[in-house]
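Trainee: By our numbering, the letter at position 332 of the sequence shown is numbered 401, and the numbering carries on one by one without gaps. After the C-alpha cells below, expect a handful of questions from me.
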Amino acid sequence: MPIKTIIEPFRIKSVEPIRQTTREQRLKLLEAAGYNLFLIPSNDILIDLLTDSGTGAMSSEQWAAMMRGDESYAGSPSFQRFKDSVQSIMGFTHVIPTHQGRAAERILFSVMCKNGDVVPNNTHFDTTRANCEFTGAEALDLPIPEALKPARQHPFKGNMDTARLAQTIERVGTRRVPLVMLTVTNNSGGGQPVSLANIKAVKEICARHNIPLYIDACRFAENAYFIKLREPGYANKSPREIAQEMFRYADGCTMSAKKDGLANIGGFLCSNDDTVAQAEKNLLILTEGFPTYGGPAGRDLEAIAVGLNEARHEDYLQYRIVSTAYLGNHIAAAGVPIVQPPGGHAIYIDARAFLPHIPATEFPGVALAAELYVEGGIRSVEIGTLMFGKRDQNGVEHAGPMDLLRLAIPRRVYTQSHIDYVVEVILEVWRRREKICGLALTYQAPFLRHFTARFRRLA
Ligand SMILES: Cc1ncc(COP(=O)(O)O)c(C=O)c1O
Numbered sequence: 070m071p072i073k074t075i076i077e078p079f080r081i082k083s084v085e086p087i088r089q090t091t092r093e094q095r096l097k098l099l100e101a102a103g104y105n106l107f108l109i110p111s112n113d114i115l116i117d118l119l120t121d122s123g124t125g126a127m128s129s130e131q132w133a134a135m136m137r138g139d140e141s142y143a144g145s146p147s148f149q150r151f152k153d154s155v156q157s158i159m160g161f162t163h164v165i166p167t168h169q170g171r172a173a174e175r176i177l178f179s180v181m182c183k184n185g186d187v188v189p190n191n192t193h194f195d196t197t198r199a200n201c202e203f204t205g206a207e208a209l210d211l212p213i214p215e216a217l218k219p220a221r222q223h224p225f226k227g228n229m230d231t232a233r234l235a236q237t238i239e240r241v242g243t244r245r246v247p248l249v250m251l252t253v254t255n256n257s258g259g260g261q262p263v264s265l266a267n268i269k270a271v272k273e274i275c276a277r278h279n280i281p282l283y284i285d286a287c288r289f290a291e292n293a294y295f296i297k298l299r300e301p302g303y304a305n306k307s308p309r310e311i312a313q314e315m316f317r318y319a320d321g322c323t324m325s326a327k328k329d330g331l332a333n334i335g336g337f338l339c340s341n342d343d344t345v346a347q348a349e350k351n352l353l354i355l356t357e358g359f360p361t362y363g364g365p366a367g368r369d370l371e372a373i374a375v376g377l378n379e380a381r382h383e384d385y386l387q388y389r390i391v392s393t394a395y396l397g398n399h400i401a402a403a404g405v406p407i408v409q410p411p412g413g414h415a416i417y418i419d420a421r422a423f424l425p426h427i428p429a430t431e432f433p434g435v436a437l438a439a440e441l442y443v444e445g446g447i448r449s450v451e452i453g454t455l456m457f458g459k460r461d462q463n464g465v466e467h468a469g470p471m472d473l474l475r476l477a478i479p480r481r482v483y484t485q486s487h488i489d490y491v492v493e494v495i496l497e498v499w500r501r502r503e504k505i506c507g508l509a510l511t512y513q514a515p516f517l518r519h520f521t522a523r524f525r526r527l528a
C-alpha cells in the first residue's frame, strides 16, 4: 500500500520561539490597538496568519545564494541570475526589479493609465486597486458570478467573466482600456485559481482589440498546480511547463516575490513592449533605483532567483495545497462557513454567514478577527467591508461585496500541530458566535484604510 500521509517536504534547521500571552493581556492589547490587528506588535501574536506575503521561511539554498549577492550599483551578476530565473519561467523581454509588488503596480499604472481609463481585472487586490485609482483610472472587477457565492463549488472560481469583459470594452471603447489584468490566484476572491482556458479566452478578447494583457503573478506556481490538478489535459505536465504556458498568453506581469518568489522582500515588473519598458525604467530610476537592482539588495535578487524555482517543485506545491486545504476542511466539517473550495495560500471564512446577526456595516470580518485573537492569539485579516467598502461624504458606510476573514498560511513556517491548534481556536469561537458583537469605525485614512483604521466595540 502506498503511504498516504503528505508531510512537510523539509526538515527544520533553525527555530524561532513564539510567545504565549494571557487572555487578559490580549484583551488589553486589542483595545489599545483599536480592534485593528495590524496595530498589535508581532511579539504579542502566537500564530500569525495575517499574510503569506514575505513571511515564508527561506531554504538553506536561498541563504547560501544570499552570500553570493553582489551589491554593485550597476550591472551586478546577481541581477543577471535574477533575470535569467524570471525569464526561464515567464519569458518576458524586460525584467524590472522593484522593492515589492505595489511598486511594480505603481510604475505600470503611472506609465499606462490616465484619468477616465478603465482597467478590468478578475478582482483587483487592494494595492492594485489603489494604485490604479491613484492615476484617475477605474479599477473594474469582473469575476465570474460563482466567485461571489462563497459556498459554491467551482474548480476555477478565480476566472474572469469574459462576456462582461467583451461588453465593457464595447461600452467604454478600446482607447479607454489601456490594459486588462488577471490575478493568479485571485487573492481577494478567495485565493481561487484561474484556468488556462480562461487565460486564453481573455487573451483572445484583448488581442481582438489590441489591448495588452498583464498577469498579477504573485501566486503563479500555486495557480499552475491547481491547473495540473483540475484542468483536463494538464495532469501530466509539470507546474513549470504550465506556468510557462500561462505567461505565453500575457504581454507583461507584475509580481510580488514575497509570495511564490519565496523571498521576504522584492518584486518585479515585466513587459514585452520596448517603449513601455523604457518609460517604466525611467520612472524606476526616479523612485526605486537603477534598473539592475530596482529597490532590493543584490542578495535579495539572489534569494528570489532560487525561490522562484523552489516554488514550482511538485512536492512543495503538493504539501502547500494539501496543508492549506487541511485547515479549511477541518473547520468546514464542523459547520464553519468557508469559501469553497479551499484556496491555495489561505482559508477564507465567510464572516457574514458566521455572524449573521452583525450587519456588514458593523464589520463582521473585523469582529471575528478580534475574537480569534482574544481566544488564541491568532492574527488573521478582514477582506470585506473595511477593505473594499466605502464611507461616503455623509458618513454613511457602504458594504463591500463580501465579508471574508482570511487565514493566510506563511510558506514553510507552521507545522500540522500549529494548524490543529488554529482549528481548535476557531471551533471554540464558532461555539460562542451568537455572543459576538459588531464594531463602529472611529478613524479611517483616505487610502487603504484597513491598515490603520480604529474601532470601538458596539454594545
Ligand atoms: C494579488 C496581489 N497583488 C499584489 C500584491 C501586492 O504585493 P506587495 O505586498 O509585495 O506590494 C499582493 C500582496 O499581497 C497580492 O496578493
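Ideal Cβ placement from N, Cα and C applies to all residues, glycine included.
#1: Going by C-alpha distance, which of 310, 295 and 459 is nearest residue 390?
#2: When the distance is taken between beta carbons, is residue 167 closer than 8 Å to residue 252?
#3: CB-CB under 6 Å to residue 514, same chain, minus the five flanking residues each way: which ones, in chain order?
#4: Relative to the C-alpha of residue 381, which candidate in 331, 321 and 149 has its C-alpha closest?
#5: Say the cut is 7 Å; is the CB of residue 336 nearer than that to a heavy atom of ligand 1?
#6: Write down every uninterrupted run of the beta strand (DSSP E) in the stretch 106–190 whose length is 3 residues or greater and which is fully enclosed by it, in chain order.
#7: What is the DSSP secondary structure of residue 70, counted as helix, strand or coil?
#8: Using the Cβ count rule (16 or more neighbours within 10 Å means buried), how would you classify residue 425?
#9: Put residue 323 into one of helix, strand or coil per three-state DSSP.
#10: With DSSP run on the structure shown, which of helix, strand or coil describes residue 456?
#11: Mind checking whether residue 138 and residue 366 have CB atoms under 8 Å apart?
#12: The beta strand (DSSP E) with residue 252 in it runs from where to where?
#13: Would the beta-carbon of residue 335 fall within 8 Å of that of residue 370?
#14: Are the stretch 108–118 and the stretch 439–451 in contact at 8 Å, needing three or more beta carbon pairs?
#15: Quick check on residue 172: buried or exposed, where buried means 16 or more other Cβ atoms within 10 Å of its Cβ?
#16: Is residue 95 near ligand 1, judged by its Cβ being under 7 Å from some heavy atom?
#17: Taking 6 Å as the limit between beta carbons, can you name the residues of its chain near residue 326, skipping five residues before and five after?
#18: Residue 169: beta carbon under 7 Å from a heavy atom of ligand 1?
#19: In the DSSP assignment, find the unbroken beta strand (DSSP E) run with residue 358 in it and report its ends.
#20: Looking at ligand 1, does it come within less than 7 Å of residue 285, judged from the CB to the closest heavy atom?
#21: Decide if residue 222 is buried, meaning its Cβ has at least 16 other Cβ atoms within 10 Å, or exposed.
#22: Taking buried to mean at least 16 other C-beta atoms within 10 Å of its own C-beta, is residue 122 buried or exposed?
#23: I'd like the ranges of any alpha helix (DSSP H) spanning at least 4 consecutive residues and lying wholly in the stretch 221–265.
#24: For residue 463 and chain C, any beta-carbon pair shorter than 8 Å?
#25: Is any heavy atom in ligand 1 found nearer than 7 Å to the beta carbon of residue 325?
#26: If contact is defined by three or more beta carbon pairs under 8 Å, each pair taking one atom from either stretch, is the stretch 273–291 in contact with the stretch 242–256?
#27: For ligand 1, I want to know if residue 228 counts as a neighbour, meaning its beta carbon is within less than 7 Å of at least one of the ligand's heavy atoms.
#28: Quick check on the burial criterion: 16 or more other C-beta atoms within 10 angstroms. Buried or exposed for residue 292?
#29: At which residues does the alpha helix (DSSP H) containing residue 294 begin and terminate?
#30: Using a Cβ-Cβ cutoff of less than 6 Å, which residues in the same chain neighbour residue 100 once the five nearest sequence positions on both sides are dropped?
#31: Could you tell me which uninterrupted alpha helix (DSSP H) segments, each at least 4 residues in length, are contained entirely in the stretch 328–372, listed from first to last along the chain?
#32: Count the other CB atoms within 10 Å of the CB of residue 350; is the residue buried (16 or more) or exposed (fewer)?
#33: On a CA-only basis, which of 402, 218, 237 and 248 is nearest residue 340? Give me that one, please.
#34: In three-state DSSP terms, what is residue 310?
#35: Look up residue 281 in the DSSP assignment and say whether it is helix, strand or coil.
#36: State the start and end residues of the unbroken beta strand (DSSP E) segment that holds residue 438.
Mentor: Judging by the given coordinates:
#1: With respect to the C-alpha of residue 390, the residue from 310, 295 and 459 having the closest C-alpha is 295.
#2: Their beta carbons are not under 8 Å apart, which means residue 252 does not touch residue 167 by this criterion.
#3: Cβ-Cβ distances below 6 Å link residue 514 to 521 in the same chain, with the five nearest sequence neighbours on each side left out; the list follows chain order.
#4: Comparing C-alpha distances from residue 381 to each of 331, 321 and 149 shows the shortest one belongs to 331.
#5: Because some heavy atom of ligand 1 lies under 7 Å away, the Cβ of residue 336 counts as near it: yes.
#6: List check, beta strand (DSSP E) in window: 163–167 and 187–190.
#7: The answer is coil: DSSP assigns residue 70 none of H, G, I, E or B.
#8: Result: exposed.
#9: Of the three classes helix, strand and coil, the one that applies to residue 323 here is strand, per DSSP.
#10: Residue state, collapsed to three classes: helix.
#11: Going by beta carbons, residue 138 and residue 366 fall inside the 8 Å limit.
#12: Per DSSP, residue 252 is one residue of the beta strand (DSSP E) stretching across 249–252.
#13: Taking C-beta atoms as the reference points, residue 335 and residue 370 count as a pair closer than 8 Å.
#14: Taking 8 Å as the limit for Cβ pairs, the verdict is that the stretch 439–451 does touch the stretch 108–118.
#15: Buried, because 16 or more other Cβ atoms sit within 10 Å of the Cβ of residue 172.
#16: Incorrect: residue 95 has no Cβ contact closer than 7 Å to ligand 1.
#17: Same-chain partners within the cutoff: 332, 335, 336 and 373.
#18: Shortest gap from the CB of residue 169 to any heavy atom of ligand 1: under 7 Å.
#19: Neither: residue 358 is in no beta strand (DSSP E) and is coded neither H nor E.
#20: Checking every heavy atom of ligand 1 against the Cβ of residue 285, one is found closer than 7 Å.
#21: Looking at its Cβ environment, which holds fewer than 16 other Cβ atoms inside 10 Å, residue 222 is exposed.
#22: Buried is the call here.
#23: You should have 231–241.
#24: Judged by its chain identifiers, the structure shown contains no chain C, having just a single protein chain.
#25: Ligand 1 has a heavy atom closer than 7 Å to the beta-carbon of residue 325.
#26: The stretch 242–256 is in contact with the stretch 273–291.
#27: Every heavy atom of ligand 1 is 7 Å or more from the Cβ of residue 228, so no.
#28: Per the 10 Å Cβ criterion, buried.
#29: According to the DSSP assignment, residue 294 belongs to the alpha helix (DSSP H) that extends over 289–299.
#30: If you ignore the 5 residues before and after residue 100, its C-beta comes within less than 6 Å of no other C-beta in its own chain.
#31: List check, alpha helix (DSSP H) in window: 343–356.
#32: Buried, by the Cβ-count rule.
#33: When the alpha-carbon of residue 340 is set against those of 402, 218, 237 and 248, the nearest one is in 248.
#34: Secondary structure of residue 310 (DSSP, three-state): helix.
#35: Note: residue 281 maps to coil in three-state DSSP.
#36: Where residue 438 is concerned, there is no enclosing beta strand (DSSP E), although the alpha helix (DSSP H) it sits in stretches over 433–445.
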